[in-house]
Amino acid sequence: MRSRSITSLVPLLAPVHILILSVIVLPSIYVVWLSLNASSFGQEPTFVGLRNYIDTISDPAFRSALWNTVVLVVVAVHVELVIGLGMALLFASGLPFRRVLLVAVLAPYAVSEVIAVVMWRFLFDPDVGPVTQALLSLGLPTLDWSFEPSHAMILIALLTIWLHLPFTFIILYAARLAIPADLYEAARIDGATPWQAFRRVTLPLLGPAVIVALLFRYIFAFRIFSEVWLLTQGGPARSTEVVAVYLYQEAFSYNAFGSAAATAWIMVLASLLLASGYVFILRRQVAANAR
Amino acid sequence: MSNKRFATINRRAFLGSAAGAAALFATRPSWAASKTLNVLSHKVHQTVLGADDGDLMKDWKATNDAGISWTTFDSNPLQDRLFREASLSETDYGVGYIIDNRPTSDIAALFEPLDDYLKKDGIEDFGDIAPGLVQGMTVDGKLIGIPVRHATQGLFYNEELLEEAGISAPPTTLEELVEQAKKATFKSNAGTPVVGMVLASDLAVFPVMFARAFGGDFITQNFELVPDPAAMEEGLNALRGMFEAGALPRSYATTRNDDQVTWMQQGRAAFTVLPFARNGQLNNPEQSKFPGKIKAIEFPISAALKGKTPMASVVEAWGMVIPRNAKDKELAWKFIKEVSSKRVTLGMAINGNGPVRVSTYAEKDFVAKNPVAEVEAGVLAHARGAFPPFPEAARAQSTLLEEVQLAVLGRKPVKEAVASIIERVKPMMPA
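Just so you know, the sequences run in chain order U and E. Residue 1 is where the first sequence starts when you use my numbering, and the numbers rise one by one after that. Residue 1001 is where the second sequence starts when you use my numbering, and the numbers rise one by one after that.
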């Protein structure tokens, strides 16, 4: 096997390279080229240099969409992490009806995003929604999401947390189950309190899983689209618009393919920048493990 | 042993069966139509042509030995797909349906000019097709589409709810409409909270109708931007006043076109503005709590203009186009000719299509089935598109809607919002 020459191995690897090249690399290069051109239906693309990037960044609507996205991502991802971690620890500590509860916790991940949004839209309808009615009957404040932008953002955040919590939970739960019970036993014998056991045993050993969950969720959450589009379409008056909605409008409502492509690349860079801290920590962990 | 032999699928049996099935499939064209015309449209365009025994294209299919394969989408994705197909070097689609405010000069160039087709193999009584709609499909002097459907906006009201609110007759002026909408914001006898009027906030149709009622407009056919800012302000003030009084739902900013239908059917709103073609759906006993009680009239003009100038309601039209890169243009034209014939136009109108032929409105069958036919014909005579097509039209519409939402919700003074519309849309206007 070791004596095989590289030329005999290349054909075996070629399908993977061809796949990556055709599905990721070439389309990415095409989008870069498109972002440097002014292009629409029935028009030959015209080279405009960095004009599309400058126009996009200087558009107040884009900056507002970027800010909304960052706020939503940061809030939703970290709230998800805290709840997911709490639930993972609760499940690992032993719960009655664990299997049934596990199915209940994972269920939102099996629901199509579109259906989930339509369902939530109905539940929180400001006039006839069952949740709104229940809150009113209890004398509690309701979410005036169709009028108040801040309420709309809260509802979008709640919806995205509900939808994606199972992802964070399952990663953390699996990682928690992998921690050997002997370590907790040793900690108990050494006189550690539950809080100390959590800080000195659970948290350090869950670290890599937490980073992976955060990193994936940062990248996925930055693409948030259907929750916003189907709930508010970015309104009232574009106040809840996120970057993916901005991109969609540029590409498919205004048919401005150049600026849409520029928006896509800015989106990639912004999400990498936002997640860069966690990427750095992950790299450090990988390097430490390799030693 | 023998049972096992029958129950087991071995490689030889599998390959043999697969080859047999493939051979059988290959013979399929021998009993199917020899040609297929691929059509790219909205589902409604397919539905109004009927199916099975009621298929209005049955004879055409037999005569031309052709089948019709429909690919349907919602309006915006449909236009996107149509323009993408027409931008390729070749497309399988022979006919596409286009909205009249989309074909700019660049987009029109993607489709066959149809003037020569008309000269060589004319459409039956082409002059009968509403000239305004034909004009909407003419770009740079070339006819690129044949009108097939129009959606003319009318004012719908729930007669029963108006009576409950103590209103005996529908409004005759815009001011009356606003007053009645405020009065009809109440709790009905059935215990349902009713709002005076429900309007979608994501369509330019509504603010444009309110502006036109005062003699204003958003963008005229001659590309004049907000020709009368005071009239636009009056229109937006009327909407703002209704919102403030609760006569527009608090969820105005997230209300969509489909919500308007649902709210009317459920008796949650007393008035709305929708295409006349929605009359059947609003009064459908299987869907509506008020079958036969939802009536339609022309959207009223302001008191100051009443009797002086007709109300120019908004009309949106669809046309059939042939992509320049289509493979079988001859078959596509035959399809367009047939769909545009008097017989098929009438059949589609009976099935709920807004007829593009003036003569259809005089057909007894149609009038008997459509109680709003006469009103619609009157409104259509003065109706025009919400705005003309130009490259930045969609962006201009979004800007208008953003400012209108801010004004209606009270986040920006109306005067300031109108000034912003002018300032922001101006750079988008064609030179």
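Built from N, CA and C at the ideal position, the CB exists for glycine as well.
| Rounded separation between U:V82 and U:L158 - CA only | When rounded, the separation of the alpha-carbon atoms in U:V82 and U:L158 is 14 Å.
| request: Assign U:W67 to one of two classes, buried (16 or more other C-beta atoms within 10 Å of its C-beta) or exposed (fewer than that). | output: Looking at its Cβ environment, which holds fewer than 16 other Cβ atoms inside 10 Å, U:W67 is exposed.
| request: Give the straight-line distance between the Cα atoms of E:E1330 and E:L1015, rounded to the nearest whole angstrom. | output: Inter-residue distance for E:E1330 and E:L1015 is about 42 Å (C-alpha atoms, whole angstroms).
| Local conformation of E:S1069 per DSSP, three classes | In the structure shown, E:S1069 sits in a strand (DSSP, three-state: E or B).
| query | Since E:A1394 meets chain U, which of its residues come closer than 8 Å, beta carbon to beta carbon? | reply | Simply S253, Y254 and N255.
| message | Using a Cβ-Cβ cutoff of less than 8 Å, which residues in the same chain neighbour E:R1240 once the five nearest sequence positions on both sides are dropped? | response | Answer for E:R1240: A1407, V1408, G1410 and V1414, listed in chain order.
| If contact means a Cβ-Cβ distance below 7 Å, which residues of the segment 1253-1266 of chain E contact chain U? | For the segment 1253-1266 of chain E, which is checked against every Cβ of chain U, the residues closer than 7 Å are A1253 and T1254.
| Cβ-based burial, E:K1187 [other Cβ within 10 Å; buried from 16] | Classified as exposed, E:K1187 has fewer than 16 neighbouring CB atoms from the shown chains inside 10 Å of its CB.
| Could you check where the alpha helix (DSSP H) with E:G1094 kicks off and where it finishes? | Element bounds for E:G1094: not the alpha helix (DSSP H) but the beta strand (DSSP E), Y1093 to I1099.
| query | For U:I171, which option in U:V279, U:V16, U:L36 and U:L89 has the closest C-alpha, if you only look at C-alpha atoms? | reply | For U:I171, the nearest C-alpha among the options comes from U:L89.
| query | Which same chain residues, not among the five before or five after U:E80, have their C-beta less than 7 Å away from its C-beta? | reply | Take U:E80, set aside five residues on each side of it, and the residues of its chain with a beta-carbon closer than 7 Å to its own are I161, H164, L165, T168 and R217, in chain order.
| message | Does the distance between the C-beta of U:F97 and the nearest non-hydrogen atom of the ligand ATP fall short of 8 Å? | response | Ligands displayed in this structure: none; no statement on the ligand ATP is therefore possible.
| message | E:R1212 and E:A1312 - do their beta-carbons sit closer together than 9 Å? | response | Against a cut-off of 9 Å, the Cβ pair of E:R1212 and E:A1312 comes out as a contact.
| CA-to-CA distance, E:E1298 to E:S1420, given in whole angstroms | Cα-Cα distance, rounded: 30 Å.
| What is the rounded straight-line gap between the Cα of E:V1425 and the Cα of U:F222? | Approximately 30 Å, taken between the alpha carbons.
| request: Measure how close the beta-carbons of E:L1288 and E:Q1265 come, nearest whole angstrom, since I'm counting them as under 8 Å. | output: Just to set this straight, residue 1288 of chain E is Ser in the shown sequence, not Leu. The C-beta distance from E:S1288 to E:Q1265 rounds to 4 Å, short enough to meet the 8 Å contact threshold.
| said: To the nearest angstrom, how far is the alpha carbon of E:P1029 from that of E:W1070? | reply: Only weak support is given to the placement of E:P1029: the predicted model assigns it a pLDDT of 49, under 50, and the value that follows is read from those uncertain coordinates. One C-alpha to the other measures close to 18 Å.
| task | For E:D1247, collect the residues of the same chain with a Cβ closer than 7 Å to its Cβ; drop the 5 residues on either side in sequence, then sort them by chain order. | result | The residue you asked about is not Asp; residue 1247 of chain E is Ala in the sequence shown. The beta carbon of E:A1247 sits closer than 7 Å to those of A1181, K1182, T1185, V1195, G1196 and M1197, all from its chain and outside the five residues before and after it, given in chain order.
| Proximal residues of chain U, C-beta to C-beta of E:P1310 below 9 Å | Below the 9 Å Cβ cutoff, chain U contributes no neighbours of E:P1310, its closest Cβ being approximately 32 Å away.
| said: Which residue wins for smallest C-alpha separation from E:G1096, given the options E:K1364, E:K1119 and E:I1068? | reply: Of the listed residues, the one whose Cα sits closest to E:G1096 is E:I1068.
| query | Per DSSP, what kind of secondary structure is U:V71 in: helix, strand or coil? | reply | Correct three-state label for U:V71: helix.
| task | Could you work out which residues of chain E lie near U:Q133, taking near to mean beta carbons separated by less than 9 Å? | result | Simply none; closest approach about 12 Å.
| Residues of its chain near E:P1170, where Cβ-Cβ distance is below 6 Å and the 5 sequence neighbours each way are ignored | Taking C-beta separations shorter than 6 Å and ignoring five residues to either side along the sequence, the partners of E:P1170 in its chain run Y1157 and I1297, following chain order.
| query | CB E:M1428 to CB E:E1392, shorter than 9 Å? | reply | For E:M1428 and E:E1392, yes; Cβs fall inside 9 Å.
| With a CB to CB cut of under 8 Å and the five nearest residues on each side skipped, what residues in its chain are close to U:P149? | The beta carbon of U:P149 lies closer than 8 Å to those of P236, S239 and T240 in the same chain, with the five residues before and after it left out.
| query | Taking 9 Å as the CB-CB cut-off, is E:I1421 touching chain U? | reply | No - not a single Cβ of chain U is within 9 Å of the one on E:I1421.
| Quick one: is E:Q1405 near chain U, going by C-beta distance under 9 Å? | Interface criterion met: the Cβ of E:Q1405 is under 9 Å from a Cβ in chain U.
| Does DSSP put U:I57 in a helix, in a strand, or in coil? | DSSP places U:I57 in helix when its eight states are reduced to three.
| In the structure shown, what three-state DSSP assignment does U:V48 receive? | If DSSP states are grouped into helix, strand and coil, U:V48 belongs with coil.
| message | With a threshold of 6 Å on Cβ separation, who are the neighbours of U:L230 within its own chain once the five nearest residues in sequence on each side are excluded? | response | These residues qualify, in order along the chain: V117.
| request: Find the nearest neighbour of E:P1077 within the set E:G1385, E:V1139 and E:H1042, judged by alpha-carbon distance. | output: If we check each option's Cα against that of E:P1077, E:H1042 comes out closest.
| DSSP on U:Y173, reduced to helix/strand/coil? | In this structure, U:Y173 counts as helix in the three-state DSSP scheme.
| task | Assign E:Y1157 to one of three DSSP states: helix, strand, or coil. | result | Here E:Y1157 sits in strand by DSSP.
| Can the beta-carbon of E:N1433 be found less than 9 Å from the beta-carbon of E:G1050? | Residue coverage of chain E in this structure runs from 1001 to 1431, which leaves residue 1433 of chain E outside it and unanswerable.
| query | If you draw a straight line from the alpha carbon of U:G84 to that of U:V73, how long is it in whole angstroms? | reply | Roughly 16 Å between the two C-alpha positions.
| task | Would you please verify whether the beta carbon of E:A1013 is less than 9 Å from any beta carbon of chain U? | result | It does not: the Cβ of E:A1013 has no partner Cβ on chain U nearer than 9 Å.
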